[in-house]
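Undergrad: Provided herewith is a single structure, encoded as structure tokens, for subsequent inquiry.
In the working numbering, the protein residues as written are -1 to 407.
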């Protein structure tokens, strides 16, 4: 494995409240680089979008006070130079996901998913915010039907609507005899193009614990979705346990839900993301935890309506975070490499259709906690990795641009 430490040429200078290494990186990194974004205090990267004109929209979060976070947005050009950056929202909004809106009245804009802390304990409500290309708010909607709800991702639909999934506080619907404790229920809500809540299946209760990860818009009446759960799905689980979690794949058609299958054995398998590819396959990435506490990246590929194709785990000491398709049938995956002292480095790999690693590399300091958030392919095959890296005792949003082989030159 190649390792890229943060040497002196990656240090940056903070002037006032704006931190950017756009002009402070040595020439070798002019086209391929590591650049940092933020302001005074801690910021972390959450998600990114590459626009058709090559500009990059970065969604992050900034800590404005203890237990208070605001949305932090950066728009950069293809060289990573800042076009604009701004805060958004209240002091209690934690950014989670951003997507391009491709249809409906907000087509060409972006939708941001946030979780807003409520004054009751650790509970949150879900919020969607529509912004334009300059980061200005166009509209928003809140969802606060339960004691607490947490949005993990938002999906834009072909009819201009939005689907949010995640989980809620344990609610008393579809519960059985309660042989196991109900810890959470699946959040599954749908809005039309005008942000009005629409009719959508609500039979996602039951005992146990669950987290919805992502919906895929197959047609206006058919959607796939993926989650991880320890719920009683097929009778194989009867005790709530750290090591009973599985990947879970489903379909919703004409407002009726159908289970496809639960992936993997009775181990702690928590999905973190799932992506689609031009080949029609879907790749789920997550982390599997052994009974001794060792963590490994788990990849599961499904095809033809979520039929299991490949599943593979890598050596211990890694956490799976995000994936994207690369070309027609390859994938880029990012995760966290766990280091001595329980710090982390950002880890990147490219895998082939059989999920074999074609290259891998890592980024980070020897003693800092640096972590991955997202990965994207550029039209020319270059690679973008978004993460959070610690510099001068502060966390900053980090954007890493690499050649197709994972190198800088």
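Ideal Cβ positions, reconstructed from N, Cα and C, are used throughout, including at glycine.
All of these numbers come straight from a predicted model, not from anything done at the bench.
1) Given a cut-off of 9 Å on the beta-carbon distance, is the pair residue 349 and residue 328 in contact?
2) Using C-beta distances below 6 Å, list every residue in its chain close to residue 158, excluding the 5 sequence neighbours before and after it, in chain order.
3) On the three-state DSSP scale, how would you describe residue 49?
4) Run through DSSP, which three-state label would residue 78 get?
5) Got a sec, what are the start and stop residues for the beta strand (DSSP E) residue 183 sits in?
6) Which same chain residues end up closer than 7 Å to residue 353 when comparing Cβ atoms and leaving out the 5 residues on each side of it in sequence?
7) For residue 125, tell me which candidate among 84, 375, 195 and 356 has the shortest Cα-Cα distance.
8) Pull up the distance between the alpha-carbon of residue 293 and that of residue 344, whole angstroms please.
9) Pick out whichever of 218, 140 and 227 has its Cα sitting closest to the Cα of residue 181.
10) Do the region 42 to 55 and the region 68 to 80 make contact, defined as three or more Cβ pairs closer than 8 Å?
11) Is it true that the region 279 to 290 meets the region 241 to 257, where meeting means three or more beta-carbon pairs spaced less than 8 Å apart?
12) Let's test the definition: count the other Cβ atoms within 10 Å of the Cβ of residue 117 and tell me whether it reaches 16, buried, or not, exposed.
13) Might you give, ordered along the chain, the residues of its own chain that have their beta carbon closer than 6 Å to the beta carbon of residue 402, omitting 5 neighbours on each side?
14) With H, G and I counted as helix, E and B as strand and the rest as coil, what does DSSP make of residue 340?
15) So the beta strand (DSSP E) residue 37 belongs to, where does it begin and stop?
16) For a minimum of 3 consecutive residues, which ranges assigned as the beta strand (DSSP E) are wholly contained in the region 69 to 137?
17) Beta-carbon within less than 7 Å of residue 268's beta-carbon, same chain only, minus the 5 sequence neighbours each way: which residues are those?
18) Can residue 43 and residue 62 be called in contact, C-beta distance under 9 Å?
19) Which residues in the same chain as residue 130 place their Cβ atom closer than 7 Å to its Cβ, once the five residues preceding and following it in sequence are excluded?
20) With residue 210 as the anchor, note down where its beta strand (DSSP E) starts and where it stops.
21) Classify residue 406 as helix, strand or coil using the three-state DSSP reduction.
22) Taking DSSP as the reference, what is the three-state secondary structure of residue 277?
23) Under a Cβ-count criterion, where at least 16 other Cβ atoms within 10 Å of its own Cβ denotes burial, should residue 183 be classed as buried or exposed?
24) Return the first residue and the last residue of the beta strand (DSSP E) that residue 60 is part of.
25) Just the C-alpha distance for residue 30 and residue 81, rounded to the nearest angstrom, thanks.
26) Give me the Cα-Cα distance between residue 133 and residue 257, rounded to the nearest whole angstrom.
27) For residue 355, count the other beta carbons within 10 Å of its own beta carbon; 16 or more makes it buried, fewer makes it exposed. Which is it?
28) Quick one: using the 10 Å Cβ neighbour count with 16 as the cut-off for buried, is residue 289 buried or exposed?
29) Report the partner residues of residue 333 according to the DSSP bridge assignment.
30) Quick one, which of 68, 138, 272 and 28 has its alpha-carbon nearest residue 115's?
31) Out of 404, 207 and 249, which one is the CA nearest neighbour of residue 219?
32) Taking 8 Å as the cut-off, does the region 331 to 346 touch the region 368 to 382 (at least 3 CB pairs, one atom from each stretch)?
TA: Straight from the coordinates:
1) yes
2) 101, 102 and 191
3) The three-state reading of DSSP puts residue 49 in coil, since its state is none of H, G, I, E or B.
4) Under the three-state reduction of DSSP output, residue 78 falls in the coil class, being neither helix nor strand.
5) Residue 183: member of the beta strand (DSSP E) spanning 183 to 189, first to last residue.
6) 297, 299, 308 and 310
7) 195
8) Roughly 15 Å between the two C-alpha positions.
9) Nearest of 218, 140 and 227 to residue 181, Cα basis: 227.
10) yes
11) yes
12) exposed
13) Correct list, in chain order: 379.
14) helix
15) It is not in any beta strand (DSSP E) - residue 37 carries neither H nor E in the DSSP assignment.
16) The region 69 to 137 contains these whole beta strand (DSSP E) runs: 80 to 86, 91 to 98, 108 to 115 and 122 to 129.
17) Closer than 7 Å at the Cβ level, and outside the excluded window around residue 268, lie 226, 243, 284 and 285.
18) No, Cβ-Cβ distance for residue 43 and residue 62 is not below 9 Å.
19) For residue 130, same chain residues with a beta-carbon under 7 Å away, outside a window of 5 residues either side, are 107 and 136 in chain order.
20) 208 to 217
21) Three-state DSSP puts residue 406 in coil, outside helix and strand.
22) coil
23) Here residue 183 is buried. Its C-beta has 16 or more other C-beta atoms within 10 Å.
24) 54 to 63
25) 18 Å
26) 39 Å
27) exposed
28) exposed
29) 318 and 345
30) Nearest of 68, 138, 272 and 28 to residue 115, Cα basis: 68.
31) 249
32) yes
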